[in-house]
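What follows is a set of notes on a single structure, which appears directly below.
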Amino acid sequence: MAFVEFSLRGVIGSIQGATGSTAFPVGLAFGLAFVSYLLGSVPFGLLFGKMRGVDIRRVGSGNIGATNVGRALGRPWALAAFLCDFAKGWVPSALFAPAALRIAGGGDHRLPALAVVAGGAAVAGHVWPIYLRFRGGKGVATGCGALVGIDPVLFLVGGLVWLLTLALARMVGLASLAMGLSFPLAAWWRMDASDSFLHGRVVVLGAGLLTLLVFVRHRANMARMLAGTEPRIGAGKKRSESEEDD
Numbered sequence: 102m103a104f105v106e107f108s109l110r111g112v113i114g115s116i117q118g119a120t121g122s123t124a125f126p127v128g129l130a131f132g133l134a135f136v137s138y139l140l141g142s143v144p145f146g147l148l149f150g151k152m153r154g155v156d157i158r159r160v161g162s163g164n165i166g167a168t169n170v171g172r173a174l175g176r177p178w179a180l181a182a183f184l185c186d187f188a189k190g191w192v193p194s195a196l197f198a199p200a201a202l203r204i205a206g207g208g209d210h211r212l213p214a215l216a217v218v219a220g221g222a223a224v225a226g227h228v229w230p231i232y233l234r235f236r237g238g239k240g241v242a243t244g245c246g247a248l249v250g251i252d253p254v255l256f257l258v259g260g261l262v263w264l265l266t267l268a269l270a271r272m273v274g275l276a277s278l279a280m281g282l283s284f285p286l287a288a289w290w291r292m293d294a295s296d297s298f299l300h301g302r303v304v305v306l307g308a309g310l311l312t313l314l315v316f317v318r319h320r321a322n323m324a325r326m327l328a329g330t331e332p333r334i335g336a337g338k339k340r341s342e343s344e345e346d347d
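Per our numbering, the sequence shown starts with residue 102, numbered consecutively.
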């Protein structure tokens with residue numbers, strides 16, 4: 102944490118100096134988003150593949166997420182990729198945001214908004230990584246990690262919806278879409294009407310943006326669902342390598 106606070110202090114101070122602004126939220130938000138985006142951009146799936154002499158982008162769907170890692174390297178590596186992608190969202194929202202708040206000395210009421218900024222930037226980094234010319238994964242695992250850091254209840258609700266949908270429909274893509282829809286609804290349910298905008302409502306907004314991103318990144322899955330060609334778990338149908346991961 103000492104290294105995190107030192108790094109954030111330098112980034113935030115540099116941005117405030119460059120913009121000529123000493124306003125607490127501006128420099129803090131930009132500095133926090135910048136550091137979180139860089140962490141989110143780290144392509145762990147690709148790195149694991151390189152460790153095994155495999156370019157994940159040339160295997161299966163070409164996606165750098167855990168599903169394609171599992172296809173190329175096996176389940177243990179898929180689990181490792183998922184956990185690392187999950188951590189890319191959790192660390193900024195659960196650790197970076199409080200550290201930045203301590204550095205700037207703001208009130209605790211700003212923490213939910215900062216956690217949303219940090220988690221959202223990490224998800225953006227995974228989906229549009231600067232290290233891979235802005236071609237990344239779908240952001241589901243990183244988004245889930247960010248939600249755990251913001252409010253674990255949102256992740257628990259989404260996880261239950263995902264499991265229930267998967268059990269009923271046996272389609273991972275549909276389960277991911279249903280989980281995405283549950284996020285802003287759960288956030289709205291959790292919001293106290295007395296909260297300020299920077300408290301509960303910004304979490305609803307962040308969850309809604311994550312849902313939008315989930316749907317955008319699952320366009321191919323939705324097209325296959327409408328065409329009736331989306332693979333189902335246990336259907337015995339071999340999945341085409343040209344299909345995208347869920």
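Virtual Cβ for every residue (Gly too), placed ideally from N, Cα, C.
Everything numeric in this text was worked out from a predicted model, so none of it was measured.
Three or more C-beta pairs below 8 angstroms linking the region 142-162 and the region 178-185: yes
Through-space distance from A167 to A173, alpha-carbon basis: 10 angstroms
Bounding residues of the alpha helix (DSSP H) (the contiguous stretch that carries W290): V273 to R291
Top-ranked residue by Cα proximity to A287, from G163, G301, P193 and A276: G301
Counted within 10 angstroms of its Cβ, other Cβ atoms place R211 as buried (16 or more) or exposed: buried
Three-state class that DSSP yields for H210 in the structure shown: helix
Beta-carbon gap between V273 and I334 smaller than 8 angstroms: yes
Residues near G309 by beta carbon distance below 7 angstroms, same chain, minus five either side: P285
For R158, the nearest candidate out of T312, G128, M280 and R236 (CA to CA): R236
Environment of I165 [buried if 16+ CB atoms lie within 10 Å]: buried
A242 beta carbon less than 8 angstroms from that of P193: no
Pairwise C-alpha distance: V143 and D186: 9 angstroms
Beta-carbon proximity check, V315 vs L278, cutoff 8 angstroms: yes
For S137, the three-state DSSP class (helix, strand or coil): helix
Integer Cβ distance of V249 from G238, believed to fall under 8 angstroms: Contact doesn't hold; Cβ gap of about 18 angstroms is too wide.
Host alpha helix (DSSP H) of I251 (start-end): V241 to I251
8 angstroms Cβ shell around G163 - same chain, five flanking residues per side excluded: I157 and N169
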